[in-house]
Amino acid sequence: MEPALVLLHSPGDTAASWDDVPEQLRDAGYWVIVAEIPETVRARYTASAALWIAAELGQAPCVLLARGEAGPLLPDLALARRTRGARVTGYVFVEASVPVAAGDWPDAPCGYVGPNPQLAASRGWATGDDLVAVLGIL
(Lines of atoms letter the chains of each structure in order from A and count residues from 1; the text may use other names and numbers.)
(Lines give C-alpha, C1' and ligand atoms only; values in the text may rest on other atoms or scores of the structure.)
Protein backbone atom coordinates (compact mmCIF):
# COMPACT_ATOMS: atom_id res chain seq x y z
CA MET A 1 0.00 0.00 0.00
CA GLU A 2 1.34 3.40 -1.00
CA PRO A 3 1.40 5.85 1.89
CA ALA A 4 -1.21 8.58 2.00
CA LEU A 5 -0.05 12.15 1.62
CA VAL A 6 -1.48 14.15 4.53
CA LEU A 7 -1.53 17.89 3.82
CA LEU A 8 -1.49 20.06 6.95
CA HIS A 9 -2.12 23.82 6.87
CA SER A 10 -0.76 26.33 9.39
CA PRO A 11 -2.62 26.73 12.68
CA GLY A 12 -5.20 29.44 12.17
CA ASP A 13 -5.31 28.87 8.42
CA THR A 14 -7.54 26.55 6.39
CA ALA A 15 -7.15 23.71 3.93
CA ALA A 16 -7.79 26.24 1.16
CA SER A 17 -4.21 27.48 1.67
CA TRP A 18 -3.09 24.47 -0.37
CA ASP A 19 -4.85 25.91 -3.46
CA ASP A 20 -4.66 23.38 -6.31
CA VAL A 21 -1.84 21.27 -4.78
CA PRO A 22 -4.14 18.37 -3.76
CA GLU A 23 -5.44 18.00 -7.33
CA GLN A 24 -1.93 18.19 -8.78
CA LEU A 25 -0.81 15.40 -6.45
CA ARG A 26 -3.87 13.28 -7.22
CA ASP A 27 -3.23 13.78 -10.95
CA ALA A 28 0.30 12.49 -10.32
CA GLY A 29 -1.19 9.31 -8.83
CA TYR A 30 -0.91 9.99 -5.10
CA TRP A 31 -3.51 9.19 -2.42
CA VAL A 32 -4.07 12.64 -0.87
CA ILE A 33 -6.02 13.70 2.19
CA VAL A 34 -6.23 17.33 3.22
CA ALA A 35 -6.64 18.21 6.87
CA GLU A 36 -9.03 20.91 8.02
CA ILE A 37 -7.96 21.65 11.60
CA PRO A 38 -9.83 24.67 13.01
CA GLU A 39 -7.40 25.40 15.85
CA THR A 40 -5.16 28.44 16.25
CA VAL A 41 -3.19 27.43 19.36
CA ARG A 42 -0.27 25.16 18.43
CA ALA A 43 -0.78 22.57 21.18
CA ARG A 44 -4.51 22.25 20.42
CA TYR A 45 -3.80 22.14 16.70
CA THR A 46 -1.29 19.31 17.20
CA ALA A 47 -3.68 17.28 19.35
CA SER A 48 -6.58 17.83 16.96
CA ALA A 49 -4.45 16.98 13.92
CA ALA A 50 -3.14 13.80 15.55
CA LEU A 51 -6.69 12.64 16.30
CA TRP A 52 -7.89 13.59 12.82
CA ILE A 53 -5.05 11.69 11.11
CA ALA A 54 -5.70 8.63 13.28
CA ALA A 55 -9.41 8.71 12.42
CA GLU A 56 -8.73 9.13 8.69
CA LEU A 57 -5.89 6.63 8.33
CA GLY A 58 -5.97 4.20 11.22
CA GLN A 59 -2.68 2.28 10.91
CA ALA A 60 -2.04 3.16 7.25
CA PRO A 61 1.39 4.65 6.57
CA CYS A 62 1.63 8.29 5.55
CA VAL A 63 3.87 11.11 4.44
CA LEU A 64 3.21 14.33 6.34
CA LEU A 65 3.31 17.55 4.31
CA ALA A 66 3.31 20.83 6.20
CA ARG A 67 2.69 24.36 5.04
CA GLY A 68 3.83 27.42 7.00
CA GLU A 69 3.79 27.09 10.77
CA ALA A 70 2.61 23.48 10.65
CA GLY A 71 6.24 22.54 9.89
CA PRO A 72 7.58 22.67 13.45
CA LEU A 73 4.65 20.49 14.58
CA LEU A 74 5.60 17.48 12.45
CA PRO A 75 7.88 15.85 15.04
CA ASP A 76 5.01 15.80 17.59
CA LEU A 77 2.58 14.46 14.99
CA ALA A 78 5.08 11.76 14.06
CA LEU A 79 5.40 10.79 17.72
CA ALA A 80 1.62 10.50 17.95
CA ARG A 81 1.63 8.19 14.90
CA ARG A 82 4.44 6.02 16.30
CA THR A 83 2.64 5.81 19.65
CA ARG A 84 -0.31 4.27 17.79
CA GLY A 85 1.99 1.84 15.98
CA ALA A 86 1.56 3.65 12.66
CA ARG A 87 4.41 4.68 10.37
CA VAL A 88 5.33 8.04 8.93
CA THR A 89 7.40 7.27 5.84
CA GLY A 90 8.45 10.83 5.03
CA TYR A 91 8.10 14.54 5.74
CA VAL A 92 7.85 17.42 3.28
CA PHE A 93 7.96 21.09 4.26
CA VAL A 94 6.20 23.24 1.66
CA GLU A 95 7.17 26.85 2.23
CA ALA A 96 7.15 25.82 5.88
CA SER A 97 9.18 26.54 8.96
CA VAL A 98 11.64 23.75 9.67
CA PRO A 99 11.78 22.20 13.15
CA VAL A 100 14.91 21.63 15.16
CA ALA A 101 16.29 18.12 14.63
CA ALA A 102 16.30 16.42 18.03
CA GLY A 103 16.21 12.99 19.60
CA ASP A 104 14.97 10.36 17.17
CA TRP A 105 13.50 12.88 14.74
CA PRO A 106 13.60 12.87 11.79
CA ASP A 107 12.93 9.16 11.62
CA ALA A 108 12.17 9.13 7.87
CA PRO A 109 13.38 11.00 4.77
CA CYS A 110 12.62 14.72 4.57
CA GLY A 111 12.13 17.18 1.76
CA TYR A 112 11.72 20.92 1.40
CA VAL A 113 9.91 22.87 -1.34
CA GLY A 114 10.14 26.62 -1.44
CA PRO A 115 12.48 29.55 -1.07
CA ASN A 116 15.49 29.46 1.24
CA PRO A 117 16.24 25.73 1.20
CA GLN A 118 19.69 26.21 2.74
CA LEU A 119 18.88 24.75 6.17
CA ALA A 120 17.10 21.76 4.65
CA ALA A 121 19.93 21.18 2.18
CA SER A 122 22.52 21.39 4.98
CA ARG A 123 20.66 18.52 6.68
CA GLY A 124 20.85 16.42 3.53
CA TRP A 125 17.14 16.73 2.74
CA ALA A 126 15.74 16.63 -0.77
CA THR A 127 15.03 20.18 -1.95
CA GLY A 128 13.52 21.77 -5.02
CA ASP A 129 10.76 23.87 -6.49
CA ASP A 130 8.63 20.94 -7.74
CA LEU A 131 6.68 19.11 -5.05
CA VAL A 132 6.07 16.01 -7.16
CA ALA A 133 9.80 15.79 -7.95
CA VAL A 134 10.76 16.13 -4.27
CA LEU A 135 8.24 13.42 -3.33
CA GLY A 136 9.80 11.19 -5.97
CA ILE A 137 13.19 11.51 -4.26
CA LEU A 138 11.86 10.46 -0.84
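Numbering (this note's numbering), first residue to last: 550 to 687.
Every residue, glycine too, gets a C-beta built ideally from N, C-alpha and C.
Excluding sequence positions up to five away, which residues of its chain have a Cβ less than 7 Å from the Cβ of residue i?
i, result
"A577", "V681"
"E618", "S559, P560 and S646"
"G620", "F642, A645, S646, V647 and P648"
"R575", "V581"
"V583", "L556, A564, W567 and P571"
"R591", "P560 and L622"
Would you kindly report the start and end of the unbroken alpha helix (DSSP H) that includes residue i?
i, result
"T676", "No alpha helix (DSSP H) contains T676, which is instead part of the beta strand (DSSP E) from A675 to G677."
"L628", "L623 to T632"
"A564", "Taken as a continuous stretch (DSSP letters only), A564 belongs to no alpha helix (DSSP H), as it is neither H nor E."
"L577", "Here the sequence assigns Ala to residue 577, which means Leu is not the residue at that position. No alpha helix (DSSP H) contains A577, which DSSP labels as neither H nor E."
"L606", "R591 to L606"
"L680", "L680 to I686"
Applying the 10 Å Cβ sphere with the 16-neighbour rule, what's the burial state of residue i?
i, result
"R630", "buried"
"I602", "buried"
"V643", "buried"
"T595", "buried"
"P624", "buried"
"V570", "buried"
"I586", "buried"
When every heavy atom of the ligand ADP is checked, does at least one fall within less than 8 Å of the C-beta of residue i?
i, result
"A635", "As far as ligands go, the structure on display features none, and thus does not contain the ligand ADP."
Between which residues of its own chain and residue i is the CB-CB distance below 8 Å, once the five residues before and five after are set aside?
i, result
"T676", "G660, Y661, V662, P666, A669, A670 and V683"
"C497", "A query on residue 497 cannot be resolved here, the shown segment of the chain reaching from 550 to 687 and no further."
"A651", "P624"
"Q608", "R633, G634 and A635"
Over the uninterrupted beta strand (DSSP E) stretch that includes residue i, give me the two end residues.
i, result
"T638", "V637 to A645"
"P582", "The question names Pro, but residue 582 in the sequence shown is Ile. Per DSSP, I582 belongs to the beta strand (DSSP E) from V581 to V583."
Residues bridged to residue i by DSSP?
i, result
"G617", "A645"
"A651", "W654"
"G660", "V641 and A675"
"V612", "L554 and G639"
Who are the near neighbours of residue i in its chain, counting only those whose CB is closer than 6 Å to its CB and skipping five residues on each side?
i, result
"W674", "C659, G660 and Y661"
"A657", "V637, T638 and G639"
"W654", "P624"
"A599", "L626 and A629"
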